[in-house]
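Visitor:
Chains as they are written, first to last, in the working numbering: chain A, 571 to 857; chain B, 116 to 403.
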């Protein structure tokens, strides 16, 4: 009896040892696989950026180093196109205006739909996600007529914000929807209403502060989108940062200011999205 | 007269003593007005103009121009580029997603790759073409690829730069959804690693994988900035030809070329996205 038990035990121990050994072997192979994959993909993603960095630091003669291109961002001007700095300003202003309009349009509507007109929720969601499936290049074909009318009132490139709001709808909607489901909108609004708050107060001073993280997300995603937009501005004949870079590359293909300005824009977008990732993580940590 | 009054008050007792409220949906009018003017109207213009001739008369025969060899050429170009970049992006992205998912779920590597993927998936545009120009183009630092300006290989490679990160973002939840227990169960039944992937892993991931590939396809289809900055002289794909047609109405006579091409794109995207939605629903069955 004792022998049998001992035998059994040693058998289980042996088999356990064997499986553990197998798993350790597989884990080792998996780790090798992971490191190879991370290295290869890391290089693929990193090398083009490093090449741009090198070109942005190119001096007057080939192979030298200089910061001229980075200083040129503020002063670069080419004949026939507006100065680089002015298009940077326009783009930043567009980013601000677009994010504000998206929020003003979307936050009250979404809160209102959630509280009072639930039956419209699916329609709103569909319309907000629709721009994902209608390519910008298609939208721009139909927008020609509408922008002809807008040009009667203003020729400013800032008028692009009208359509940028549409492009940003899907991203802003998803960010805000995530924030709205995380809080108890009904209880908050009922409490505020029973204390005599107007609907305006409910939305602006009760619900909006409770979804601060989601609003920040929507804001940053919209700004990042506007910073990188090219198609619509280019085809409606406006000049934003991307169009400006494109025009510079047409006239002086290897101007090193192209690479410094591109990298600066990319770094800026990267910082915006890192703030977003950080804010998102903190929210998860609290919840 | 009396009867009418009674029924009226009887019909809405809860409003008694209050002023008649405006219907609640009025609050959504600004949103619908905005979306109507800047999204639905332009799309409507495209559809209607595509079916009219330049004189403004209806011409449903325009649709047959989509079969015109010239027009077909641009769609074939688009399909080639989208297929190449979406399949390559999906396969490589899936491998990367698996490598990310098999690590520590709270690890630095995972967090870094997700954050960077979020940025790089959006990093299309003219900047990306510059980056590859100075890496493998005629002035490249790494090497001078003779095929850099070949369609679709050169531009296809550039497209994978934003397709792979997008695949990681879309496909990672599916890979995360593979339960350790399934792997353990198949191992206990004596399955080899290959058998596990052949009979358990691959069938489970297939709908999510195909769906993600379709999303990548749609993503490549609507991309325009990168290819325009890569090569602006020759039009290879539909968006480039739309751009050309918008700036100069030449080519097919009696047809609003830009509108027709745009309509073709809308139809194509609609088909692809429907497929995506169906596959997502199929994949969602076991994903929760």
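Quick reminder that beta carbons are idealized off the backbone N, C-alpha and C, glycines included.
Since this is a predicted model, take the numbers as computed values, not measurements.
Three or more C-beta pairs under 8 Å: does that hold for the segment 724-743 of chain A against the segment 694-709 of chain A?
Guide: These segments touch.
Visitor: Taking DSSP as the reference, what is the three-state secondary structure of residue 294 (chain B)?
Guide: Locating residue 294 (chain B) in the second chain gives position 179, counting from the first residue. Coil, per DSSP.
Visitor: Apart from the five residues on each side of it in sequence, which residues of its chain come closer than 8 Å, Cβ to Cβ, to residue 854 (chain A)?
Guide: One-based indexing of the first chain puts residue 854 (chain A) at position 284. With a pLDDT of only 48 at residue 854 (chain A), under the threshold of 50, the placement of this residue in the model should not be trusted; the figure read from the coordinates follows. Same-chain partners within the cutoff: there are none.
Visitor: For residue 150 (chain B) and residue 143 (chain B), I'd like the C-alpha separation in whole angstroms.
Guide: The sequence position of residue 150 (chain B) within the second chain is 35, counting from 1. The sequence position of residue 143 (chain B) within the second chain is 28, counting from 1. Cα-Cα distance, rounded: 11 Å.
Visitor: Buried or exposed for residue 715 (chain A), please, with buried defined as at least 16 other CB atoms from any protein chain shown within 10 angstroms of its CB.
Guide: Working through the first chain from its first residue, we reach residue 715 (chain A) at position 145. By the 10 Å Cβ count, residue 715 (chain A) comes out exposed.
Visitor: With a cut-off of 8 Å on the beta carbons, I'd call residue 250 (chain B) and residue 618 (chain A) a contact; round off their distance for me.
Guide: By 1-based counting over the second chain, the position of residue 250 (chain B) is 135. By 1-based counting over the first chain, the position of residue 618 (chain A) is 48. Correct: roughly 5 Å between the Cβ atoms.
Visitor: Closer than 8 Å, CB to CB, is residue 824 (chain A) near chain B or not?
Guide: The residue given as residue 824 (chain A) occupies position 254 in the first chain. At least one chain B Cβ lies under 8 Å of residue 824 (chain A).
Visitor: Could you round the C-beta distance between residue 742 (chain A) and residue 807 (chain A) to whole angstroms and report it? I think they count as a contact, below 8 Å.
Guide: Sequence index remark: in the first chain, residue 742 (chain A) carries index 172 (1-based). Sequence index remark: in the first chain, residue 807 (chain A) carries index 237 (1-based). That belief does not hold up - the Cβ atoms of residue 742 (chain A) and residue 807 (chain A) are roughly 27 Å apart, past 8 Å.
Visitor: Can you pull the DSSP bridge partners for residue 268 (chain B)?
Guide: Position 153 of the second chain, counted from the first residue, corresponds to residue 268 (chain B). Answer by DSSP bridge pairing: none, since residue 268 (chain B) is not bridged.
Visitor: In angstroms with no decimal places, state the Cα-to-Cα distance between residue 178 (chain B) and residue 819 (chain A).
Guide: Numbered from 1 along the second chain, position 63 holds the residue referred to as residue 178 (chain B). Numbered from 1 along the first chain, position 249 holds the residue referred to as residue 819 (chain A). Answer to the nearest angstrom: the Cα atoms are 37 Å apart.
Visitor: Pick from A:695, A:606, A:713: whose alpha carbon is nearest that of residue 159 (chain B)?
Guide: By 1-based counting over the second chain, the position of residue 159 (chain B) is 44. Closest option to residue 159 (chain B), Cα to Cα, is A:713.
Visitor: As a quick exercise: from A:610, A:636, A:655, pick the residue whose alpha carbon is nearest that of residue 831 (chain A).
Guide: On the first chain, position 261 is the one that residue 831 (chain A) refers to. Among A:610, A:636, A:655, the Cα nearest to that of residue 831 (chain A) belongs to A:655.
Visitor: If you measure between the beta carbons of residue 711 (chain A) and residue 382 (chain B), is that distance less than 8 Å?
Guide: Here residue 711 (chain A) corresponds to residue number 141 of the first chain, with the count starting at 1. Here residue 382 (chain B) corresponds to residue number 267 of the second chain, with the count starting at 1. Not closer than 8 Å, so no.
Visitor: If you run the structure through DSSP and keep just helix, strand and coil, what is residue 262 (chain B)?
Guide: Position 147 of the second chain, counting from 1, holds the residue named residue 262 (chain B). Reduced to three states, the DSSP call for residue 262 (chain B) is coil.
Visitor: Please go through the same chain and pick out, in chain order, the residues whose beta-carbon is closer than 7 Å to the beta-carbon of residue 843 (chain A), but skip the five residues on each side of it.
Guide: The residue labelled residue 843 (chain A) in the question sits at position 273 within the first chain. For residue 843 (chain A), where only same-chain residues beyond five positions count, the Cβ hits under 7 Å are 790, 794.
Visitor: Our contact map puts residue 673 (chain A) next to residue 785 (chain A) with C-beta atoms below 8 Å; I'd like the distance itself, whole angstroms only.
Guide: Working through the first chain from its first residue, we reach residue 673 (chain A) at position 103. Working through the first chain from its first residue, we reach residue 785 (chain A) at position 215. Between residue 785 (chain A) and residue 673 (chain A) the Cβ distance is about 6 Å, and since that is below 8 Å, they are a contact.
Visitor: When you compare the CB of residue 564 (chain A) with every CB in chain B, is at least one pair closer than 8 Å?
Guide: For residue 564 (chain A) there is no data in the structure shown, the boundaries of chain A being 571 and 857.
Visitor: Assess, as a yes-or-no matter, whether the segment 658-673 of chain A is touched by the segment 796-811 of chain A under the definition of 3 or more beta carbon pairs within less than 8 Å.
Guide: Touching, yes.
Visitor: Check residue 302 (chain B) in the structure and name its three-state DSSP category.
Guide: Counted from its first residue, the second chain places residue 302 (chain B) at position 187. Residue state, collapsed to three classes: helix.
Visitor: Starting from residue 719 (chain A), trace the alpha helix (DSSP H) both ways and give me its first and last residue.
Guide: By 1-based counting over the first chain, the position of residue 719 (chain A) is 149. Start and end: 706-723.
Visitor: Could you compute how far the alpha carbon of residue 338 (chain B) sits from the alpha carbon of residue 312 (chain B)?
Guide: Residue 338 (chain B) sits at position 223 when you count from the first residue of the second chain. Residue 312 (chain B) sits at position 197 when you count from the first residue of the second chain. One C-alpha to the other measures close to 34 Å.
Visitor: Would you call the segment 346-363 of chain B in contact with the segment 185-204 of chain B, where contact means no fewer than 3 C-beta pairs closer than 8 Å?
Guide: As far as the Cβ criterion goes, the segment 346-363 of chain B touches the segment 185-204 of chain B, which means the pair count is three or higher.
Visitor: Please list, in chain order, the residues of the segment 610-627 of chain A that have any C-beta partner in chain B closer than 7 Å.
Guide: Answer set for the segment 610-627 of chain A: 611, 615, 617, 618, 619, 621, 622, 624, 625.
Visitor: Going by DSSP in three states, residue 628 (chain A) sits in which element: helix, strand or coil?
Guide: What you label residue 628 (chain A) is simply residue 58 of the first chain in a count that begins at 1. Strand at residue 628 (chain A).
Visitor: Assuming residue 153 (chain B) is part of the alpha helix (DSSP H), what are its boundary residues?
Guide: Indexing the second chain from 1 puts residue 153 (chain B) at position 38. Neither: residue 153 (chain B) is in no alpha helix (DSSP H) and is coded neither H nor E.
Visitor: Using a Cβ-Cβ distance under 8 Å, would residue 242 (chain B) count as near chain A?
Guide: Taking the first residue of the second chain as 1, we reach residue 242 (chain B) at position 127. Chain A contact via Cβ: present.
Visitor: When burial is assigned at 16 or more other CB atoms within 10 Å of the CB, is residue 157 (chain B) buried or exposed?
Guide: In the second chain, counting from the first residue as 1, residue 157 (chain B) sits at position 42. So residue 157 (chain B) ends up on the buried side.
Visitor: Comparing alpha-carbon positions, which option in A:614, A:670, A:727 lies nearest residue 659 (chain A)?
Guide: By 1-based counting over the first chain, the position of residue 659 (chain A) is 89. Considering only alpha carbons, the answer is A:727.
Visitor: Nearest to residue 230 (chain B) by CA position, among B:287, B:187, B:325, B:253, is which residue?
Guide: Residue mapping note: residue 230 (chain B) aligns to position 115 of the second chain, counting from 1. The shortest Cα separation from residue 230 (chain B) among B:287, B:187, B:325, B:253 belongs to B:287.
Visitor: Does the Cβ-Cβ distance between residue 373 (chain B) and residue 385 (chain B) come in under 8 Å?
Guide: Stepping through the second chain from its first residue, residue 373 (chain B) is reached at position 258. Stepping through the second chain from its first residue, residue 385 (chain B) is reached at position 270. No; because the gap between Cβ atoms is not below 8 Å, this pair is not in contact.
Visitor: Using a Cβ cut-off of 7 Å, pull out every chain B residue sitting near residue 794 (chain A), in sequence order please.
Guide: In the first chain, residue 794 (chain A) corresponds to position 224, counting from 1. Under the 7 Å cutoff, chain B gives 237.
Visitor: Sort out for me which residues DSSP pairs residue 345 (chain B) with in a bridge.
Guide: Residue mapping note: residue 345 (chain B) aligns to position 230 of the second chain, counting from 1. None, per the DSSP bridge assignment.
Visitor: In the DSSP assignment, what residue or residues form a beta bridge with residue 682 (chain A)?
Guide: On the first chain, position 112 is the one that residue 682 (chain A) refers to. Answer is none; residue 682 (chain A) lacks a bridge partner.
Visitor: In whole angstroms, give me the CA-to-CA distance for residue 688 (chain A) and residue 613 (chain A).
Guide: Along the first chain, one-based indexing puts residue 688 (chain A) at 118. Along the first chain, one-based indexing puts residue 613 (chain A) at 43. Each residue's Cα considered, the two are about 49 Å apart.
Visitor: Over the uninterrupted alpha helix (DSSP H) stretch that includes residue 740 (chain A), give me the two end residues.
Guide: Here residue 740 (chain A) is taken as the residue at index 170 of the first chain, counted from 1. Counting along the chain, the alpha helix (DSSP H) containing residue 740 (chain A) begins and ends at 731-752.
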